[in-house]
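To start, the structure under review is shown below, and the notes come after it.
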Amino acid sequence: MNRERITNFAFRLLSILLALGFTSFVVLAAKANPLTAYGHLINGAFSSTKKISDSLVIWIPLIITCCGLAVTFTVGLWNIGIEGQITLGAVFTTGMIRLLQTTNTPPTFVILASILIGCLGGIIWALIAGFLKFLGGVSEIFAGLGLNFIATGINLYLIFGPWKRPGIASMSGTEPFSEIYRLSNFAGLRLSPWSLLLALISIISVFILLKWTMIGLRMKAVGRNADAARLMGISSFRYMLLAFLICGFFAGLAGALQVTAVYYRLIPSISSGYGFLGLLVTMLVDYQILWAAPVAFLFSALNIGGIQLPIEMKLDSTLAGVIQSAMVLFYLVMDSVRKNVLKPRESSLDE
Amino acid sequence: METPFSLFLLKMNIEIRNISKFYGKLKANDGVSLQIPSGKILGILGENGAGKSTLMKILSGLVKPNEGEILVDGVSIKIDSPKDAIKLGIGMLHQEPRDFPSMSIIDDLRIGNQKDGKKRKEMDVGQLHKMSLDLGFSLDFNGLVRKLTVGERQELELIRLLYFGVEVLILDEPTTGISLNQKNQLFGALRKLAAGGKSILFVSHKLDEIQALCDLAAIMRRGKLVQVMKAPLDQNEMIRWMFGQEVTRHKPARTDATEIFFETRDLKIDDFRIQLKKVDMQLKKGEVIGLAGMAGSGQKQFLRTAAGLMPPAGGDIILNDRKITGKSCFSFQQNGIHFVPSDRLEEGLLPGMTLDEHYQLVTDCGRFWINNQSAAGISGEKIDLYRIKGNRWTNVEELSGGNQQRMLLSMIKEPSNLLLLEEPTRGLDIESANWIWSLLRIKCQSGTGIIFSSADLDELLFYSDRIMVFYSGEVSAPLPANQLTETSLGAMIGGKDWVIV
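These protein sequence lines are chains U and S, in that order.
Heads up, the first sequence is in our numbering, so the first residue is 1 and it goes up one at a time.
Heads up, the second sequence is in our numbering, so the first residue is 1001 and it goes up one at a time.
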């Protein structure tokens, strides 16, 4: 058992090294020094409190998304529609604030209500994918993909249509809300303590749900073998729908926080690709949410560190994305290698 | 006696010397030495996990031993793959033949002939035909593989191996799922082949088959070869060597209840491959009904329909005078109707999850929180009662087949009114099967009815109160088991002496 753990860890480490090796080749091909590039990446991410807090600003929506995805992956669903769910969360939140900001409603209540409505937006978008799967027989992957396009369409329509800035419609988004409708930040930083708190609560609650409750156990059963679960009296329909609902809730929350704590308005790329990045992170950690936290932070730090590259080395900041994707690919490759290496014992004995 | 393959009369003597195979701490084969004489049928007998399949896999190149050697005519050889084994003249007949159902038989043979990409000599159809006739088979080489029965597929596989010049034939439980007629035909063919100088290794846990067919019986127990016996073989002696003691089967007490609680009326089942026109049956409390028939005759579909997992094409399912047709399988389960599939890892268990987790799920311990303490108690109890070799933290896929079967049966929810069991003792040895049935009988005594399917006529006749026979879309009414014999039941399964009651 212990030996198996060490082997697993060794393989994970090896996949990270291979990913770095591969990225080094890419940097060399761009005629730059990989070590300098990595230096700038690390420096760009960790050299000051501000940089670390900037990473956390990215980490919050990313890890909240992972919380939702850990649930859908557990039940055996590929929730590709996560991007759309985040977007709809942001749209609903913006709509609620716009609705209430002209009334005399207390600002605290406005923020709270708009975040909750945002969660509802994510839930609705996720449940549409769920019903398309169960009632229409559409795979959740295709349903999610389609719904992502529709969500982007709705978002752009609102920004350039009904919710456009007075006078001009602009890629920079809708009119920013006044200070009173924003979540407060740590002094001098872009990081909101409220968002951080919500992210931590999300991690803990998903961990508890999947580890210690019967609901989590039943979800795992459905994910492992829906036929067998059915014979044990567990309805895969019910638990998959519940997983969609929970994931939609977290995606909506991530979108709501993007609006109330980061951009203070609705922008075209409000989901910032955190949904897809979240899929990668969650896969990488094998749906273990506690592991997702540090890995998501590493990915966030790479994003922030990458900002330095064009300035210092004339390299594109997407190098961070290359490292992230290479890590996931090499991890998946090494994982199947590991499974083959660790399987010298042939199948069961009799028959 | 005239030998059918005088051309191939090359005698080949194989000796296994001190073969050991370890899986972790477990010794699947522990210093096994055995001489395989040509021209004899050698039975390999042993309970589950005794190591007989492992030994056969080593011989046929599927598994490599940790220690020991194999000698052919006194020369030590290495067998790295099944292809190597066939080149050496050792071929294994698999339980589930690997062929292409949509092809014609001759094309199927051609494919097998050029699997490694190189073009070989064209198959000699004339010779194939002659071989088939010599063995008493009636294979039509232009027909489709799909249309063959399990038994005919085996015959095809046998011909294929012989065509490739195999001298040593290994058959692993070849009589599972074939009709009595085909069994007799197979035995006849094997006797002819042995008379022609081939060595036959016949793996089985069925004592009467070993007794009827084999010249020698090698008995394995816990990885060791404990005894080689010569014909005439005595069943009780074989059992003593297999288990280290004599096992007596207890004829279960028949139910005397008369209250009917479950019935199907004019039930029609349509499942694309198989149509059942009309199933009428009534089950009394505590009664056991066995489903007999060739594999694929609709027993599978009937069990699933009765469990609410498959909607019927017509007719009604009635429980305690209430129609439950069309309700969800969960509502069937709430009414105490439980189904146990034969395909353990595919349909019944959750790979990657522990025994503990399985019991937590089926006992619903704790409404919201998982109650680890009560789960521990339940797991321990079930593992003991059902004699599962594994602990609470074992993942189910690490259990051996027989233990997975025990695990499935131990997960049946209580209270149960009707148990629908698909081949409940498949892969279990006599002793375990006996134990499982004694546990099932306890359930019957409290009024639970059982409907089970089985390929084993002896099991059907021994444990059923009544038996329904399935044959090409027809289903007989339940017939009292004590009025049937293995011969009459076997004939019905094959579609003869069909009694419409």
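From the three backbone atoms N, C-alpha and C, an ideal C-beta is built for every residue, glycine too.
Everything numeric in this text was worked out from a predicted model, so none of it was measured.
Beta-carbon spacing of residue i, residue j below 7 Å
| i | j | result |
| --- | --- | --- |
| U:L183 | U:S192 | yes |
| S:L1059 | S:I1086 | no |
| U:G273 | U:G122 | no |
| U:L198 | U:A90 | no |
| U:H40 | U:Q258 | no |
| S:D1215 | S:M1056 | no |
| U:F244 | U:C67 | no |
| S:I1317 | S:T1325 | yes |
| S:P1424 | S:F1452 | yes |
| S:S1179 | S:G1494 | yes |
| S:A1376 | S:Q1360 | no |
| S:V1475 | S:L1276 | yes |
| S:S1033 | S:R1017 | yes |
| U:I304 | U:A45 | yes |
| S:E1422 | S:S1342 | yes |
| S:P1065 | S:I1036 | no |
| S:I1210 | S:A1217 | yes |
| S:L1420 | S:L1349 | no |
| U:R224 | S:P1351 | yes |
| U:S53 | U:L196 | no |
| U:Y264 | U:P176 | yes |
| S:L1135 | S:A1189 | yes |
Distance, residue j Cα to residue i Cα
| i | j | result |
| --- | --- | --- |
| S:D1271 | S:L1291 | 18 Å |
| U:I289 | U:V75 | 14 Å |
| U:V26 | S:I1378 | 57 Å |
| U:L147 | U:S48 | 40 Å |
| S:G1151 | S:V1168 | 20 Å |
| U:L100 | U:T174 | 16 Å |
| S:Q1301 | S:I1077 | 48 Å |
| S:L1461 | S:L1283 | 17 Å |
| S:G1117 | S:D1108 | Bear in mind that the predicted position of S:G1117 carries a pLDDT of just 49, short of 50, making it too unreliable to give a figure here. |
| S:R1504 | S:I1436 | In the structure as shown, chain S begins at 1001 and stops at 1501. Residue 1504 of chain S is therefore absent and cannot be evaluated. |
| U:K339 | S:E1486 | 47 Å |
| S:D1384 | S:L1158 | 42 Å |
| S:G1286 | S:N1320 | 14 Å |
| S:P1174 | S:H1094 | 8 Å |
| S:A1313 | U:I141 | 33 Å |
| S:F1022 | S:A1050 | 13 Å |
| S:R1160 | S:N1029 | 29 Å |
| S:N1403 | U:I86 | 47 Å |
| S:L1489 | S:D1465 | 14 Å |
Closest residue to residue i among the options (Cα-Cα distance)
| i | options | result |
| --- | --- | --- |
| S:N1482 | S:G1074, S:Y1463, S:G1490 | S:Y1463 |
| S:V1075 | S:I1014, S:F1261, S:K1040, S:Q1154 | S:I1014 |
| U:Y181 | U:D316, U:N155, U:P106 | U:P106 |
| U:L20 | U:M327, U:V337, U:A261 | U:M327 |
| U:C247 | U:K51, U:R98, U:F46, U:T65 | U:T65 |
| S:L1201 | S:S1438, S:L1193, S:I1170, S:G1223 | S:I1170 |
| S:K1198 | S:E1459, S:K1496, S:K1443, S:K1040 | S:K1040 |
| S:A1491 | S:S1446, S:D1280, S:M1294 | S:M1294 |
| U:T282 | U:S55, U:A10, U:I82, U:T108 | U:I82 |
| S:A1433 | S:P1082, S:S1454, S:P1480 | S:S1454 |
| S:H1358 | U:I323, U:K314, U:L217, U:M313 | U:L217 |
| S:L1162 | S:L1128, S:I1239, S:E1398, S:L1439 | S:L1128 |
Cβ of residue i within 7 Å of any chain B Cβ
| i | result |
| --- | --- |
| U:N340 | The structure shown contains no chain B; its protein chains are U and S. |
Review point. The stretch 1351 to 1364 of chain S: which residues have C-beta closer than 9 Å to a C-beta of chain U, in chain order?
Key: From the stretch 1351 to 1364 of chain S, only P1351, G1352, M1353, E1357, H1358, Q1360, L1361, V1362, D1364 have a Cβ closer than 9 Å to chain U.
Exercise for review: Return the residues of the stretch 321 to 334 of chain U that lie within a Cβ-Cβ distance of less than 8 Å from chain S, sorted by chain order.
Suggested key: Going along the stretch 321 to 334 of chain U in chain order, one finds no residue with a Cβ nearer than 8 Å to chain S.
**Study point:** Members of the stretch 192 to 219 of chain U near chain S, C-beta cut-off 7 Å
**Key:** Within the stretch 192 to 219 of chain U, contact with chain S at the beta-carbon level (separation under 7 Å) is assigned to W212, T213, M214, L217, R218.
Review point. Quick one: any contact between the stretch 1294 to 1311 of chain S and the stretch 1380 to 1388 of chain S, if contact means 3 or more CB pairs under 8 Å?
Key: In this structure the stretch 1294 to 1311 of chain S does not touch the stretch 1380 to 1388 of chain S; the number of beta carbon pairs closer than 8 Å is below three.
**Study point:** Residues of the stretch 1427 to 1449 of chain S whose Cβ lies closer than 7 Å to any Cβ of chain U, in chain order
**Key:** The stretch 1427 to 1449 of chain S vs chain U, Cβ under 7 Å: G1427.
Practice item. Could you name the residues of the stretch 222 to 235 of chain U whose beta carbon sits closer than 8 Å to any beta carbon of chain S, in the order they occur along the chain? Key: Listed in sequence order: R224, N225, D227, A228, A229, R230, L231, M232, G233, I234, S235.
Check your understanding: Can at least three beta-carbon pairs, one atom from the stretch 313 to 333 of chain U and one from the stretch 7 to 21 of chain U, be found at a separation below 8 Å?
Key -> Contact holds: three or more Cβ-Cβ distances are below 8 Å.
**Study point:** Segment contact, 8 Å Cβ cut-off, at least three pairs: the stretch 1142 to 1149 of chain S with the stretch 1184 to 1202 of chain S
**Key:** Judged by Cβ distances under 8 Å, the stretch 1142 to 1149 of chain S makes no contact with the stretch 1184 to 1202 of chain S, as fewer than three pairs qualify.
Review point. Taking a cut of 8 Å between CB atoms, which residues from the stretch 1370 to 1382 of chain S lie near chain U?
Key: Cβ contacts with chain U: I1370.
Practice item. Would you check if the stretch 1437 to 1445 of chain S and the stretch 1408 to 1419 of chain S touch, i.e. whether three or more CB-CB distances between them fall below 8 Å? Key: Contact check between the stretch 1408 to 1419 of chain S and the stretch 1437 to 1445 of chain S: three or more CB pairs, one atom from each, fall below 8 Å, which counts as touching.
**Study point:** Proximal residues, the stretch 1314 to 1332 of chain S versus chain U, C-beta separation under 9 Å
**Key:** The stretch 1314 to 1332 of chain S vs chain U, Cβ under 9 Å: S1328, C1329, F1330.
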